[in-house]
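There are 4 protein chains.
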Amino acid sequence: MDKYINPLKSRYASKEMLYIFSPKFKYTTWRKLWYNLALVQKELGINISNKQLNKLSKHIENIDFELVKKYESKFQHEVMAHLYAYADLAGDDARKILHLGVTSAYLMDNTDLVQIKEALLLIENKLLKLINTLKKFSIKHKNLVTLAYTHLQEAQLTTLGKRSSLWLQSLIFDFEELKFIMSNMRFRGVKGTVGNQSSFKELFASNFEKVKDLDINLAKKMGFDKVYQITSQTYDRKFDSSILNFLSNLAQSAHKITNDIRFMQHLKEIEEHFEPHQIGSSAMPYKRNPIYSERIASLAKFIMSLQSSGGFIAATQWLERTLDDSACKRLNIPQAFLAADATLILLSKVFNNIRVNKKMIEKHVKTEMPFILTEDILMKATKNGGDRQILHEKIRIYSMKVKENIYSGTTENDLIKLILNDQSFKLTSKDIDEILNPNENIGFASYQVENFITEIIDPILEKNKEN
Amino acid sequence: MDKYINPLKSRYASKEMLYIFSPKFKYTTWRKLWYNLALVQKELGINISNKQLNKLSKHIENIDFELVKKYESKFQHEVMAHLYAYADLAGDDARKILHLGVTSAYLMDNTDLVQIKEALLLIENKLLKLINTLKKFSIKHKNLVTLAYTHLQEAQLTTLGKRSSLWLQSLIFDFEELKFIMSNMRFRGVKGTVGNQSSFKELFASNFEKVKDLDINLAKKMGFDKVYQITSQTYDRKFDSSILNFLSNLAQSAHKITNDIRFMQHLKEIEEHFEPHQIGSSAMPYKRNPIYSERIASLAKFIMSLQSSGGFIAATQWLERTLDDSACKRLNIPQAFLAADATLILLSKVFNNIRVNKKMIEKHVKTEMPFILTEDILMKATKNGGDRQILHEKIRIYSMKVKENIYSGTTENDLIKLILNDQSFKLTSKDIDEILNPNENIGFASYQVENFITEIIDPILEKNKEN
Amino acid sequence: MDKYINPLKSRYASKEMLYIFSPKFKYTTWRKLWYNLALVQKELGINISNKQLNKLSKHIENIDFELVKKYESKFQHEVMAHLYAYADLAGDDARKILHLGVTSAYLMDNTDLVQIKEALLLIENKLLKLINTLKKFSIKHKNLVTLAYTHLQEAQLTTLGKRSSLWLQSLIFDFEELKFIMSNMRFRGVKGTVGNQSSFKELFASNFEKVKDLDINLAKKMGFDKVYQITSQTYDRKFDSSILNFLSNLAQSAHKITNDIRFMQHLKEIEEHFEPHQIGSSAMPYKRNPIYSERIASLAKFIMSLQSSGGFIAATQWLERTLDDSACKRLNIPQAFLAADATLILLSKVFNNIRVNKKMIEKHVKTEMPFILTEDILMKATKNGGDRQILHEKIRIYSMKVKENIYSGTTENDLIKLILNDQSFKLTSKDIDEILNPNENIGFASYQVENFITEIIDPILEKNKEN
Amino acid sequence: MDKYINPLKSRYASKEMLYIFSPKFKYTTWRKLWYNLALVQKELGINISNKQLNKLSKHIENIDFELVKKYESKFQHEVMAHLYAYADLAGDDARKILHLGVTSAYLMDNTDLVQIKEALLLIENKLLKLINTLKKFSIKHKNLVTLAYTHLQEAQLTTLGKRSSLWLQSLIFDFEELKFIMSNMRFRGVKGTVGNQSSFKELFASNFEKVKDLDINLAKKMGFDKVYQITSQTYDRKFDSSILNFLSNLAQSAHKITNDIRFMQHLKEIEEHFEPHQIGSSAMPYKRNPIYSERIASLAKFIMSLQSSGGFIAATQWLERTLDDSACKRLNIPQAFLAADATLILLSKVFNNIRVNKKMIEKHVKTEMPFILTEDILMKATKNGGDRQILHEKIRIYSMKVKENIYSGTTENDLIKLILNDQSFKLTSKDIDEILNPNENIGFASYQVENFITEIIDPILEKNKEN
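Residue numbers (the UniProt record's numbering), protein chains in the order written: chain D, 1 to 467; chain F, 1 to 467; chain X, 1 to 467; chain G, 1 to 467.
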């Protein structure tokens, strides 16, 4: 309790995501990389015995972190420390073939990629679940008429399901970007200190095809189906930058969605779940604050701010590699994933427990109805032969007059009356009554929801079912 | 001369890119949107005459900007001003059907998308040319041995063509992102003030299929093959954010590439073209500075900084739309494109005129050779039965000793001698001579270049030939 | 009309700010720098004639930009081009002493500083006026009771003047930062290509005191009272970064203030000025959108995004200077100032024409009154001997019950009744009546406003009166 | 080992800084705030007994975190949980006066400020030590002639002490900003839920002067000499933003300084300390990489990226407060401080152990000497009556010729010969010999260092001696 505790760790992120970026995961991955290297080398004809391989495979999980620490304080070199600790377990025989032909970056960079891939899979899974939740929410409320707002001013009508399908669309953008990144993802493989694979030229008697096989076979053993044809000491840091872009994009969606929720809770139209014993405010016990949405918006800001570090690193790597990426990579990539993970957990929590106050929604719709009808009145009047520009101007003037009255305390909204009395609109009471039909006033909102789900969402969910 | 002049306009960007973001382009696109709206409405059965259409089509190009200005100062509304000015030309008959069922965002948002699409095409074209140039450069220099640097310290050997193919790879990442964005790009279409298409429900007698046809047919007439199924008043600002991400990614590549060039010019290994009359420095006439690379790096920083504005806007759009995107969108999107355009122009200029000083490159390689060989010596000695860890430590100690001497002024590098004299390496002079064969010391660098170009670059260039 | 037009130039910024960053201002400043250099050199004993000086002083304003262009296309060097053009006017005699001992950075860097200083003065002036406006607004409305919101949920009461004095406080932070920057601002002076003033060692026979005099005297002639003791070729780019920080901070204030205004206009409690002929929306003529506040928020986002470029440049300047600052500096510094200038113009416009709808404010207060009183009830009950924690819990439960009713459509708020009926509160009707006194419920809001203005605002305004 | 470990905690930051942002520090500060509140309330006449105070004061340190956790899972409210746990210890008597009149933000916000203040003091201390170290370094090397670089190209001469005094100057900017922030820092004090201090109006019978006393007296007890006159529920988040600006500025200095060190180590002119047993690279044992400088540059990028989150939060706080600051504040502020702390530790480590290779420095100077002299030759030739522009052009042409030869492998630099042979320079061998005097060629570099230290550094160190 006497050191800083990162709330992503203690409060917000899932056990699974925390594990991916843990020392345990990282260093067992190193050992898997060492073991698989030897395995594939053997398969490609290098003189490595099954006994040596077995020694390596047996000691992947049992890392003696105290021993590693001792070595590290001696060498001041993380890889050498783990190499010695692993070799101590595997024995002198295995020691000889350990790390054969590779360099630190083989471990570091490939492990980073394994972590990122696992983290992306976790995000993909949670994102798909959230998409499913929002799909159901959208279908459920596709006909629930609600006031739409532009400029945060009452505009025309939409439906709650239509609004939520816009959130869904934002998440679909993110999902498609995620799939694009994953389909282009490559393993760094064995490339050597400066990327020329020279140590393998020696090992494989100048046989480039064998080294290509080594690279792709290793990639497959580590769960990748593609490997970079070329790298410097490291894979291009633009990849990390693209990961941070994706997570920032996801955060932008989350921020936009929760802003909307916060407005709607402000309007009392929806409400986040509130535990019976939960205390909204120690001083204002009557309050119900949208604290999960606020937390999401807060985490989103953090994720978005990390984005620039990815670009800064990618842009300032010098020649075959400089190490001014490392410390920052240990901070920005894991934390962006942990915060994104937390964001998705919280978003699911919000939508799985959200309460919709239909009576409040109806009340707001009713109050604004006369103004909302003006666009339809304009359409109908134009159809009846009126001049659009002239009538638009008239409605504007009448509306301002009515608004003035409301601002001064009058509650009656007599806009419809003023229009009916103006002959230039060429409108009858019957025309107005037709317009007043609520089904006319949400346009195609509910059709759009259905259409969007059929054309976009369902095919995506179908295609990604097994996840 | 008494107002700020944006150097992107006066100095750096191409005429073509400046035109895409010009008032001329923007407002003729508005008129095309109005004209095509009427055209497609007619095709779908709305009562619009050929005469009305002709009136509209005739006046797409001849915008009277003075008249527009007059109307704008009256209405304080840009769209209404242009609408009146266009209608004045097209006559009262056409006026009646102008802007039928649409709202400002129909013009604004769709035009933004048209501009972005055109700008992306321009970028694609320039990027492909640059990729081609760098491909040729990489092939030409695939065997030119050069010193590789990690931590900006002499490391092992690579080839110039290998290094430049890493730059190429960065640009390929950008190119693939560009294609991904373009293939997902959608037209905003006709959606109405809050996105519910209510005015078209009226116009098309509640026929949703017809409105869907209207949307996609309009999209096609405006050069898009997809249209958003749903929008709020506007398309999701996440799209703009993704554009700024892409341009930032491209800028990151440019920054990394030019940093490398600046180092290499520092090493006198390559040199940007220098005009005979060009003045490097008013005070130091002997200087040849890599000013184009520096300018690219400078523009790249500007582009990268704009990225955050895209995310900020997308994250803070409230409900069906707020206008706190507009002024910023007029600044960040055009300028990011203009600066990216300038960056690509400058990069092409640099690579089309770059000078490679082979003698300097050779000289640097020769000086570092003994150190560079240590990895190969280690491999060979391990193969001969030595223990890798022990020999690594020995080489480290010998190297440090030699380095000490060099730092103290000694110029002789007797590392090889020290190793040959140490029996634990089990190496003969013949072993060393084999290693000294330069072909052994660049690993597979040149093979990698060939392989990368065959597997990655050529298929991309083939597929995008007609561009 | 066929090139991009920067809206900061065509629409938003003031003539004065646009002039500061114009070619006219920049290049006349160069000539002033050349002239004053000669003047101070003469004063310190260099052999320069009055005739030479007169020739220089006479031609400061009449720049032949066509001639400059011709020279620039020849030399590809901006400074040399202007030097030749000036010398052509001043004659061969003056030409000899022109640019004596200095280098391009003398002109570039000092001019940048002069521009920044002038721009800061303009900002200071506008900021002071805005502070004055907001002070008056705060005093005027210091007693106007309004609902305060936390989590965008109705909280307790404040006054409008109290809220606006918080905006004022934000601007005061900015103002104090501005004064801090200005009081620390230094002239770059004459330092030479790498900052060692070697050319002046020659000129002034190794007399360092004379060169120090040259530096400070020049600074004073150019309007600065301090000069950097040391520079590299340039002043530290951290200064530019601090300027962008300041402008970003100012933008943050503007963004926060206008967000608040947009909420209040959403609540119809205040309203931006609306011209009689102004069109709010082409499709929704009844709308009154807070478009100036939205525009301010939009420009603020742009300014904030530029901030990172300042840091990126400062962090990546290499050794005595690299030129990867230049193109970016021409874009980010002027545009951040132009956008800040526009922001202040718009903020003044908003506050000079804002409309306060007292009736709406009252209505909102009245509706929430019972909830708001809970804190006071709690205080009073605690004073009467109740246990705070227990009663807090009871109020929470009662409030939730009442809220449930409201959400379900009931409009009566019977919270007070429930509390009076609960004996553990030990409250009488008389107690409640005392609490219901509105003067009790805004706490010290109006006192705080007065106190803040007396202690903080007035001394600042007094001290900066002459501006 | 199965969760993410933040390297700032496990590797980089100091125990002291980690403690400031620990739960222990935070929650004992809460108890101090509760205790001091009661204490000052008693002093101002509220009926609180010494016994109650003693009960509170006795239990400040012994926090039962398990109990707190239990309460928190019940209330889902951090403050209530700690309140109950503290009251359990202090007894029912003390419970009655605990938290009297205050709200959560009293604890949260004031504690944030206490943490920031302590963290700033720690940074100040380390920064002063670093300034002292760099001062000594600069004095020691003020006469050590070294090649200056502009555009990363050899320019003229400077001294190592001059270059390092530029780093010192960057740090001085940061130090002055730090002092500015600290001198303006204010305590949030007691303000209530929406900032109107209404609960204290009740408590102190409408006596505003007493409440002002309460505020300032509390501030003093908590170590602040100023208190905000006004706040909303919270202090203005612009303050946090200014903290992140400061830390980013400091990071920018660190990044620039270490970039320079990395170049100089590349040139083998200086070298970071290297432990005898340290392993530079597992594959290239001969390498000595500037890994501390690289780590600093890496942490600096992280700090700089956090900056935008501060602005984003400040700009998007709505009305009297929204909670979308909280989670982000727990991540960005502590981590920016931890990373800045690590950066200063590492910078001190670098400079306390740096090695200067004078022989390499001399060698580089010697090689470039002829080019470097051109500026002096130009000065001397101009003094002898030559036309600056014409001779500048000649030198440029001669230099290019010589450079061509060098690039082609010639090692002789015959620039001086070419100039002596050209009559238009009017130079004799004697003139050249005078110029070749090395003392002439560093200009006033060493004088500047002395002057800068006397005028700027020493007064600052003197003034801040006791720190």
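We treat Cβ as the ideally placed atom computed from N, Cα and C, and that holds for glycine.
Since the model is a prediction, treat every value here as computed from it, not as a measurement.
Span separating the alpha-carbon of L18 of chain D from that of V114 of chain D: Sequence index remark: in the first sequence, residue 18 of chain D carries index 18 (1-based). Sequence index remark: in the first sequence, residue 114 of chain D carries index 114 (1-based). Their backbone Cα atoms lie some 14 Å apart in a straight line.
Assumed close pair N353 of chain F, H255 of chain F - CB separation to whole angstroms, cut-off 8 Å: Taking the second sequence and counting its residues from 1, one reaches residue 353 of chain F at position 353. Taking the second sequence and counting its residues from 1, one reaches residue 255 of chain F at position 255. Contact doesn't hold; Cβ gap of about 20 Å is too wide.
Using a C-beta cutoff of 7 Å, does S242 of chain F count as contacting chain C? Included in the structure are the protein chains D, F, X and G, with no chain C among them.
Suppose you measure from the CA of A297 of chain F to the CA of L98 of chain D; what does that come to, to the nearest Å? Translated into the one-based positions of the second sequence, residue 297 of chain F becomes position 297. Translated into the one-based positions of the first sequence, residue 98 of chain D becomes position 98. About 42 Å.
Between which residues of its own chain and K55 of chain G is the CB-CB distance below 6 Å, once the five residues before and five after are set aside? Translated into the one-based positions of the fourth sequence, residue 55 of chain G becomes position 55. Counting only Cβ-Cβ distances below 6 Å, and skipping sequence neighbours, we find A90, G91, A94.
Contact between the segment 122-133 of chain X and the segment 198-218 of chain X is defined here as three or more beta-carbon pairs at a separation below 8 Å; is this criterion met? Result no; under three Cβ-Cβ pairs closer than 8 Å.
Can you tell me which of the three DSSP states residue 483 of chain F falls into? Residue numbering for chain F in the displayed model covers 1 to 467; residue 483 of chain F lies beyond these limits and cannot be assessed.
Residues in the same chain with beta-carbon distance under 7 Å from N467 of chain D, minus the five sequence neighbours each way, listed in chain order, please. Counting from 1 along the first sequence, the entry for residue 467 of chain D is found at position 467. Confidence in N467 of chain D is poor, its pLDDT being 49 and thus under 50, which makes the residue's placement unreliable; the coordinate value appears in the next sentence. Residues E124, N125, L128 of the same chain have their beta carbon placed closer than 7 Å to that of N467 of chain D, with the five preceding and five following residues left out of the count.
Taking 7 Å as the CB-CB limit, is N467 of chain G close to chain D? Stepping through the fourth sequence from its first residue, residue 467 of chain G is reached at position 467. Because the pLDDT at N467 of chain G is just 49, under 50, the model does not fix this residue reliably, and the value given afterwards should be weighed accordingly. By this cut-off, N467 of chain G is not an interface position.
Is D260 of chain X close to chain G, meaning its C-beta is less than 7 Å from at least one C-beta of that chain? Counted from its first residue, the third sequence places residue 260 of chain X at position 260. Yes, D260 of chain X counts as interfacial toward chain G.
Tell me Y149 of chain G's beta-bridge partners as DSSP assigns them. By 1-based counting over the fourth sequence, the position of residue 149 of chain G is 149. Y149 of chain G pairs with G:E154.
Do we get a CB-CB distance below 7 Å when we pair E294 of chain F with the residues of chain D? For the purposes of this step, residue 294 of chain F is taken as residue 294 along the second sequence, with counting starting at 1. False, the Cβ-Cβ gap to chain D never drops below 7 Å.
Under 7 Å, Cβ to Cβ, is there at least one residue of chain G near V402 of chain X? If you number the third sequence from 1, residue 402 of chain X lands on position 402. Taking Cβ atoms only, chain G never reaches closer than 7 Å to V402 of chain X, which makes this a no.
Any idea if F65 of chain D is buried or exposed, counting beta-carbon neighbours within 10 angstroms, 16 or more meaning buried? The count along the first sequence starts at 1 and reaches residue 65 of chain D at position 65. That one is exposed.
Among X:I372, X:F444, X:Y106, which has the Cα closest to the Cα of residue 479 of chain X? With chain X covering only 1 through 467, there is no way to say anything about residue 479 of chain X.
Kindly indicate if chain D contains any beta-carbon less than 7 Å away from that of A340 of chain G. Mapped onto the fourth sequence, residue 340 of chain G falls at position 340. By this cut-off, A340 of chain G is not an interface position.
Taking the continuous alpha helix (DSSP H) assigned at D341 of chain D, which residues delimit it? Within the first sequence, numbered from 1, the residue matching residue 341 of chain D stands at position 341. 326-352 is the extent of the alpha helix (DSSP H) around D341 of chain D.
Taking 7 Å as the CB-CB cut-off, is I291 of chain F touching chain X? Position 291 of the second sequence, counted from the start, is the residue given in the question as residue 291 of chain F. I291 of chain F counts as touching chain X.
Could you tell me the alpha carbon to alpha carbon distance between F224 of chain D and M185 of chain D, rounded to whole angstroms? What you label residue 224 of chain D is simply residue 224 of the first sequence in a count that begins at 1. What you label residue 185 of chain D is simply residue 185 of the first sequence in a count that begins at 1. Between the alpha carbons of F224 of chain D and M185 of chain D lies a distance of about 8 Å.
For the alpha helix (DSSP H) holding V402 of chain D, just list the boundary residues, first then last. On the first sequence, position 402 is the one that residue 402 of chain D refers to. 388-407 is the extent of the alpha helix (DSSP H) around V402 of chain D.
DSSP three-state label for residue 504 of chain F, please. In the structure as shown, chain F starts at 1 and stops at 467, and residue 504 of chain F therefore has no counterpart that could be examined.
Check each residue of the segment 147-180 of chain X: if its Cβ is closer than 9 Å to any Cβ of chain D, include it; give the result in chain order. Going along the segment 147-180 of chain X in chain order, one finds Y149, T150, H151, L152, Q153, E154, A155, Q156 with a Cβ nearer than 9 Å to chain D.
Taking Cβ positions only, does Y71 of chain D come closer than 7 Å to chain F? Within the first sequence, the letter at position 71 stands for residue 71 of chain D. No - not a single Cβ of chain F is within 7 Å of the one on Y71 of chain D.
Leaving out five residues before and five after K74 of chain G in sequence, what residues of the same chain have Cβ atoms less than 8 Å from its Cβ? As a working note, residue 74 of chain G is residue 74 in the fourth sequence. Closer than 8 Å at Cβ, skipping near neighbours: A81.
Is there a Cβ from chain D that is less than 7 Å from the Cβ of F425 of chain X? Here residue 425 of chain X is taken as the residue at index 425 of the third sequence, counted from 1. Closer than 7 Å: no.
Supposed close pair F263 of chain D, W318 of chain F - CB separation, criterion 8 Å: What you label residue 263 of chain D is simply residue 263 of the first sequence in a count that begins at 1. What you label residue 318 of chain F is simply residue 318 of the second sequence in a count that begins at 1. About 6 Å; that satisfies the 8 Å criterion.
Would you tell me roughly how many angstroms separate the C-alpha atoms of I46 of chain F and L203 of chain F, rounded to the nearest one? As a first step, residue 46 of chain F must be located in the second sequence, where it is residue number 46. As a first step, residue 203 of chain F must be located in the second sequence, where it is residue number 203. The straight-line gap separating the alpha-carbon atoms of I46 of chain F and L203 of chain F is approximately 8 Å.
Straight-line Cα distance separating K301 of chain D from I139 of chain X: Residue mapping note: residue 139 of chain X aligns to position 139 of the third sequence, counting from 1. Residue mapping note: residue 301 of chain D aligns to position 301 of the first sequence, counting from 1. Approximately 35 Å between the Cα atoms of the pair.
Where D109 of chain F falls, given that 16 or more other Cβ within 10 Å makes a residue buried: Here residue 109 of chain F refers to the residue found at position 109 of the second sequence. Label assigned to D109 of chain F: buried.
Check V114 of chain D in the structure and name its three-state DSSP category. Indexing the first sequence from 1 puts residue 114 of chain D at position 114. Helix at V114 of chain D.
Give the residues from the segment 440-455 of chain X that approach chain G closer than 8 Å (Cβ to any Cβ), ordered along the chain. If the cut-off is 8 Å between Cβ atoms, the segment 440-455 of chain X has E440, N441, I442, G443, F444, A445, Y447, Q448, V449, N451, F452, E455 near chain G.
In three-state DSSP terms, what is V79 of chain G? The count along the fourth sequence starts at 1 and reaches residue 79 of chain G at position 79. Here V79 of chain G carries a helix assignment [DSSP, helix/strand/coil].
Got a sec: is the Cβ-Cβ distance from K256 of chain F to anything in chain D below 7 Å? The sequence position of residue 256 of chain F within the second sequence is 256, counting from 1. Proximity of K256 of chain F to chain D, defined by a Cβ-Cβ separation below 7 Å, is satisfied.
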